[in-house]
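From first to last, the protein sequence lines stand for chains A and B.
Counting in my numbering, the first sequence runs without a single skipped number right up to 312 at its last residue.
Counting in my numbering, the second sequence runs without a single skipped number right up to 312 at its last residue.
Protein chains: 2
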Amino acid sequence: MEPSFFSIGEFSKITGLSVKTLRFYHEKGLLVPTVVDTESGYRYYDHKKIEKARVITQLRALEFSLEDIAAMLRRCEDESDILGFLERHKEQIEQGIRHQRNIAANIERIIATEREAQRVMAAAGYAVEEKTLEPMIVAGVRMRGKYSDCGKGFSQIGRKLGRHLAGPALCLYYDCEYQEDDADFEPCMALRQAVEAEGISVRTLPGGRCVTLVHQGPYEQLGRSYAKILEHVKRKQIPITLPSREVYLKGPGMIFKGDPKKYLTEIQLPVG
Amino acid sequence: MEPSFFSIGEFSKITGLSVKTLRFYHEKGLLVPTVVDTESGYRYYDHKKIEKARVITQLRALEFSLEDIAAMLRRCEDESDILGFLERHKEQIEQGIRHQRNIAANIERIIATEREAQRVMAAAGYAVEEKTLEPMIVAGVRMRGKYSDCGKGFSQIGRKLGRHLAGPALCLYYDCEYQEDDADFEPCMALRQAVEAEGISVRTLPGGRCVTLVHQGPYEQLGRSYAKILEHVKRKQIPITLPSREVYLKGPGMIFKGDPKKYLTEIQLPVG
DNA sequence: CTTGACTCTCCCCTTGGGGGAGGGCGTATG
DNA sequence: CATACGCCCTCCCCCAAGGGGAGAGTCAAG
């Protein structure tokens, strides 16, 4: 062979593309050898093909599909010709980044919630305590009806504000007594920052002193913990205001339903 | 069949997973039907499987691989059990985001450079002009030797600071006359922000008045444009300082080599 | 001429399913 | 009772962008 022709192995070393890849690009018509020996089938590449291989490598590094690259090679020989391709591709990549960020935020939230639950689990003596809450930004959906419908509120918030959620879910109760079928309550979720959303009330929930008790176990047994905390409040004659809160430190998670015996719910009764 | 068993089609509607997908998950052992009729081969799913399908869907939404999901389902039944998986996965996703951002930045840079070149191309009368330059942050590699080695400097900067690059490449010339083999020059690239890098000088290049001329054509013909601009400077008796600059508005691009007749190079001689 | 390095084609594998062919099963209707 | 329709099965091929390897042919040097 002429000294100016390279065998596929040599060309592979020159371009950094594997032999497999070169054969594949040949098959796809993307990078066709200058000469193919009709008898042996050996591929031989020209020095001009080095430049073309470099172009393909650059475009692959920008994660263009081979199909797009083929289209670009057919129609372009200057950067200005591919501006449209570049912009479309960039938009797609940024779309992908937004998507990935969304996922990362969701995972982060699951981790944070679980961490917080573990911290509470380790620290809690499951006794009535008095503490000061920090103000927090929440998104809430005020509802009237059955408590069991609060899941709908959470999923509504999740759908609209998924990527802004920050902490555990909670629920505000505006009734001063237990209401079976006509309760007035508001499922809420903590937000990283205030964002507007239709049909959802986003605001800062005030902080302040409150009486709390962490309940461990299934929700059906929340009554016992309410008895305990209310007994404490009555005995100490602490004045309580509405709305009271339940913070779902650990419940049926985003992923697993988990064991109800391990659920952790913090009851918070604001002092006022 | 018992009313509590669902055929694959019903189960598909319940879970939102396609029939194909359900069969695939069965094959992978990820979501096995409660009962498989030995004669007809029909799959029947239990209501417990709905929960499992939901878990799988959630994990898929977080873009876990089916393999990872299978491992998680085998070993976990609570969110706390998968914290390790979640953290590793989050790290991977963030790695991916960094990668994508890098690509998006590269594309953005190519687009911006090309846009700038088009703007100059449209506006330029290819005449000697006097204008005021803005200060800019650059990364440079001072070199001594042949002009043709400046490509090495550019690739060195590109390797180390790829994701911070902002504008077109340029080159500073510290010789007051043309030097063939022992030139003193500095390939530079504009940065978005000041970043440190070993062996690379990052600093703010001062702005100020200068005499400029846009040269269109291959680099071999730069001499003509130099003649033109120097003639102008001499005639008007404008005092010139070093280093002079060449800004490569359009040259062999990141991707295509392009047509040398379309190359645009702006010669800038600082007035001082 | 032989040997070792190189190359060829062909086939299977990856992920997460989608599309369709050809055939079995059950039931509602003419 | 026959049939038509809907649902289900398995089996095979397809996507992107190659990787791995088998078995056979080719090239160049000793």
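Quick reminder that beta carbons are idealized off the backbone N, C-alpha and C, glycines included.
Legend entry - Segments assigned beta strand (DSSP E), at least 3 residues, entirely inside the stretch 59–88 of chain B: 83–85
Inset, instruction - Determine the closest residue to L245 (chain A) out of A:C211, A:C216, A:Q256, with distance taken between C-alpha atoms. - result: A:C211
Legend entry - Positions along the stretch 244–255 of chain A whose CB lies within less than 9 angstroms of some CB in chain B: none
Inset, instruction - For the beta strand (DSSP E) holding C250 (chain B), just list the boundary residues, first then last. - result: 248–256
Inset, instruction - Would you verify that the beta carbon of Q277 (chain B) is, or is not, closer than 8 angstroms to some beta carbon of chain A? - result: no
Inset, instruction - List the whole-angstrom C-beta distance separating I280 (chain A) from L309 (chain A), where the pair is believed to meet the contact cut-off of C-beta under 8 angstroms. - result: 5 angstroms
Inset, instruction - Check whether the Cβ atoms of M183 (chain B) and F225 (chain B) lie closer than 8 angstroms to each other. - result: yes
Inset, instruction - Verify the CB distance criterion: does V332 (chain B) have a CB-CB separation below 8 angstroms to chain A? - result: Residue 332 (chain B) is absent from the structure shown; chain B starts at 41 and stops at 312.
Inset, instruction - Kindly confirm or deny that the stretch 266–274 of chain A and the stretch 196–206 of chain A touch, where touching means at least three C-beta pairs closer than 8 angstroms. - result: no
Legend entry - Contact set between I95 (chain A) and chain B, taken where Cβ atoms lie within less than 9 angstroms: In the sequence on display, residue 95 (chain A) carries Val and not Ile. Residues of chain B passing the Cβ test: I295, F296, K297.
Inset, instruction - Check whether the Cβ atoms of I240 (chain A) and L201 (chain A) sit closer than 8 angstroms, and answer yes or no. - result: yes
Inset, instruction - Measuring only between beta-carbons, confirm whether G136 (chain A) sits less than 8 angstroms from chain B. - result: yes
Inset, instruction - Starting from the C-beta of V311 (chain B), find all residues in its chain whose C-beta is less than 8 angstroms away, skip the five residues before and the five after it, and write them out in chain order. - result: E170, G248, R249, C250, V251, I278, P279, I280, T281
Inset, instruction - Give a yes or no on whether the C-beta atoms belonging to S105 (chain A) and Y213 (chain A) are separated by under 8 angstroms. - result: no
Legend entry - Contact with chain A by Q158 (chain B), beta-carbon distance below 8 angstroms: yes
Inset, instruction - Answer yes or no: does any C-beta atom of chain A fall closer than 8 angstroms to that of S52 (chain B)? - result: no
Legend entry - Sequence-distant residues of the same chain with beta carbon closer than 6 angstroms to E174 (chain B), five excluded per side: G247
Inset, instruction - Could you give the DSSP three-state label for R243 (chain A): helix, strand or coil? - result: strand
Legend entry - Any C-beta of chain A under 8 angstroms from that of H204 (chain B): no
Inset, instruction - Starting from the N-terminal side, write out each stretch of the beta strand (DSSP E) that is 3 residues or longer and does not extend beyond the stretch 164–190 of chain B. - result: 169–173, 176–180, 183–185
Inset, instruction - Examine chain B for any beta-carbon lying closer than 8 angstroms to the beta-carbon of R114 (chain A), and answer yes or no. - result: no
Legend entry - Candidates B:E134, B:G180, B:R203, of which the one nearest A145 (chain B) by Cα: B:R203
Inset, instruction - Compute the Euclidean distance between the alpha carbons of V178 (chain B) and F296 (chain B), then round it to the nearest angstrom. - result: 24 angstroms
Legend entry - DSSP three-state assignment for L113 (chain A), whether helix, strand or coil: helix
Inset, instruction - Report buried or exposed for G180 (chain A), applying the criterion of at least 16 other Cβ atoms within 10 angstroms of its Cβ. - result: buried
Legend entry - For A223 (chain B), the residue or residues it bridges with in DSSP: B:G185
Legend entry - Residues sharing a beta bridge with I280 (chain B), DSSP: B:V311
Inset, instruction - Please classify Y259 (chain A): does DSSP put it in a helix, a strand, or coil? - result: helix
Legend entry - Span of the alpha helix (DSSP H), counted from its first residue to its last, around G49 (chain B): 48–55
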